[in-house]
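Contents: one structure, followed by commentary.
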Amino acid sequence: MKYISKFCWLFVGVLFIFSGLIKINDPVGTAIKLEEYFEVFSTDIAPFFKAFEPYSLFLSIFLSAAEIVLGVALLVRWKLKSVLIALLVMIVFFTFLTFYSAYFNKVTDCGCFGDAIKLTPWESFTKDIVLLVMIIILLMTQRYLPQFISEKTGAVATALTAILSVGIGWYAYEHLPYIDFRAYKVGNNIPTMMKPTAPLRYKYIMVKNGEEQEFEEYPTDQSYTFKEMIAINPEDGPKITDFNVWNDQGDFTQEVLTGNKLIILVQGASKADRDSFKEITKLVNAAEQQGITPLAVTSSSSQEFEEFRHEVNLAVPYYYGDGTVIKTIMRSNPGILLLQNGTVKGKWHYNDTPSIEQVKELL
C-alpha cells in the first residue's frame, strides 16, 4: 500500500499541475469554456448560473491557479490533509461537470487540458473518476506520506506558486497564450488545415429486430434500419471546418486567403478596446503603403460596425465572420492577424500592436 500511495501522490500532483498550466496558458479560452457550462446550467438546472458569466475570466484564472497551487502543495506535502480535502472538493466538482457533459451531451469538450489534448466527455469523466479514487486513497493512506520539508518552507513554496500562477494567467490575458495549440497558430496554412489529411472512413450503426450492429460498408439488406454514421478516423479530418469570410456581395474567403493580408479581427464591436485603434490605424496606413492589404473581419452587424469604425477611424474594407471562429483565431478584441497566401505569419494582441517593420520582416 505504501507504493500505491506514493504513486497516487506523484500522479495526482503532477496531473493537477499540468492541467492547471495548460488552462492558465490560455485563460480566455478557459473562460469561454466556463461560459458554455454556465449557459447550459442556467437553462437546464437553475437560472442563477447565468449570473456567473461576467466572472468567467476571474474564475478561469482562479481555478487554473488553484489546480497548480494544490498540485505543488501536494508534492511538497504541505498541510497534506487540508490540501487533499481541497483536491477532493475540486475533483468532485469537475466530476459533476464532466458527467453532466457526457450523460446529457451538452458540452462536447470539457476543456480539461485546453486545446492541447482533446478528450471526449466520457474520457474526461473517466479521468476524473480515476483521480477521485486516487485522492480518496491518499486521504486513507496519509501515514505513508510524512512531511519532508519544514512548515515554513512549504508555506513559502505554495505562496510563491500562487503569485506566479496568477501572474502567468494575467500576462497571457493581457497578451496572447504563451503556446498556441489551435489550428490557427503561426506557421499553419489555413487552406491546408481545411482539407482532410486522409480520406475519411465511416462505420454505419444499423438496427434490426431491436439490436444494433456495426458495418464498415452500408448493408444491402433492407431489413436494417439506419441509426447513425460515425467516422472511424476523425483525426484525419479537416482541422478547420468553419472558416468563412463574407459580406453583402457574397463569399470572400478565397480572396482573404490570397496574397498578403493584414486582418483586424473584431469580436463584437461593443466590447472592443477602442483606445488600441490609435496604434492599429497607424499600422493599417503603413501597411497600405507597403502593398499589404488591410481589412477587418467582425461578427458585429453592419450598422453596429459602421458606427464603430467611424468612431475609431478604421478606414478599411470589412467583412463578416462567425463569432466563435473569431474567438478561436484570436484571444483579444481587437486582434491583428497577418496572412501570406493563407499561411499565418503573425498574431498580435492589441496591447502588442507591431510596427510595420516587424510585419515586413515576417513576409
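Each residue of the sequence shown is one higher than the one before, counting from 43 in our numbering. Beta carbons: idealized from backbone N, C-alpha and C, even for Gly.
Residue i versus residue j: straight-line alpha-carbon distance, rounded
{"i": "L122", "j": "T203", "result": "16 Å"}
{"i": "E348", "j": "G365", "result": "17 Å"}
{"i": "E81", "j": "E353", "result": "32 Å"}
{"i": "G196", "j": "K389", "result": "40 Å"}
{"i": "F411", "j": "S84", "result": "A question about residue 411 goes unanswered here, because the residues of the chain that appear run from 43 up to 405."}
{"i": "E193", "j": "E109", "result": "20 Å"}
{"i": "Q296", "j": "I127", "result": "54 Å"}
{"i": "V53", "j": "S61", "result": "The question names Val, yet the displayed sequence has Phe at residue 53. Spanning the two alpha carbons is a distance of roughly 12 Å."}
{"i": "F146", "j": "A88", "result": "16 Å"}
{"i": "W120", "j": "Y186", "result": "14 Å"}
{"i": "M171", "j": "I232", "result": "Note that residue 171 is Ile in the sequence shown here, rather than Met. Whole-angstrom Cα-Cα distance: 38 Å."}
{"i": "G55", "j": "I133", "result": "13 Å"}
{"i": "M372", "j": "D222", "result": "10 Å"}
{"i": "L99", "j": "T262", "result": "53 Å"}
{"i": "Y79", "j": "T267", "result": "35 Å"}
{"i": "N355", "j": "K324", "result": "10 Å"}
{"i": "A115", "j": "L57", "result": "13 Å"}
{"i": "P280", "j": "T234", "result": "8 Å"}
{"i": "E351", "j": "G363", "result": "Here the sequence assigns Arg to residue 351, which means Glu is not the residue at that position. Cα to Cα, the separation comes out at about 16 Å."}
{"i": "S318", "j": "I159", "result": "33 Å"}
{"i": "D290", "j": "S341", "result": "14 Å"}
{"i": "Q184", "j": "F190", "result": "13 Å"}
{"i": "D284", "j": "V367", "result": "7 Å"}
Same chain, Cβ closer than 6 Å to residue i, neighbours up to 5 away in sequence not counted
{"i": "A273", "result": "L242 and Y244"}
{"i": "C50", "result": "M176, I179 and L180"}
{"i": "N286", "result": "T295"}
{"i": "I210", "result": "I66"}
{"i": "Y142", "result": "none"}
Own chain partners of residue i with C-beta closer than 8 Å, once the 5 adjacent residues on each side are dropped
{"i": "G229", "result": "T385 and V386"}
{"i": "L337", "result": "V298, K303, L304, I305, I306, V358, P359, Y360 and Y361"}
{"i": "N375", "result": "L307, V308, Q309, G310, K313, A314, D315 and Y392"}
{"i": "I282", "result": "A225, Y226, I232, M235 and M236"}
{"i": "P188", "result": "R119"}
Start-to-end residues for the alpha helix (DSSP H) that takes in residue i
{"i": "Q296", "result": "T295 to V298"}
{"i": "G229", "result": "That residue, G229, is in no alpha helix (DSSP H); it is neither H nor E in DSSP."}
{"i": "A108", "result": "S98 to L117"}
{"i": "Q400", "result": "I398 to E403"}
DSSP state of residue i mapped onto helix, strand, coil
{"i": "L304", "result": "strand"}
{"i": "Y244", "result": "strand"}
{"i": "F285", "result": "coil"}
{"i": "E253", "result": "strand"}
{"i": "W390", "result": "strand"}
{"i": "G62", "result": "helix"}
{"i": "G279", "result": "coil"}
{"i": "G71", "result": "helix"}
{"i": "G310", "result": "coil"}
Beta-carbon proximity list for residue i, same chain, < 7 Å, skipping 5 on both sides
{"i": "V208", "result": "I103 and A107"}
{"i": "I46", "result": "I179"}
{"i": "T370", "result": "R224 and Y226"}
{"i": "F136", "result": "D170"}
Start-to-end residues for the beta strand (DSSP E) that takes in residue i
{"i": "T267", "result": "T267 to A273"}
Any chain C beta carbon closer than 9 Å to residue i
{"i": "E403", "result": "This model lacks chain C altogether, as it is built from one protein chain only."}
| message | I'd like the ranges of any beta strand (DSSP E) spanning at least 3 consecutive residues and lying wholly in the region 320 to 385. | response | Runs found: 335 to 340, 360 to 362 and 377 to 382.
| said: Runs of 4 residues minimum, wholly inside the region 138 to 223: which ones carry the alpha helix (DSSP H) assignment? | reply: With a minimum length of 4 residues, the continuous alpha helix (DSSP H) runs that stay inside the region 138 to 223 are 163 to 182 and 193 to 216.
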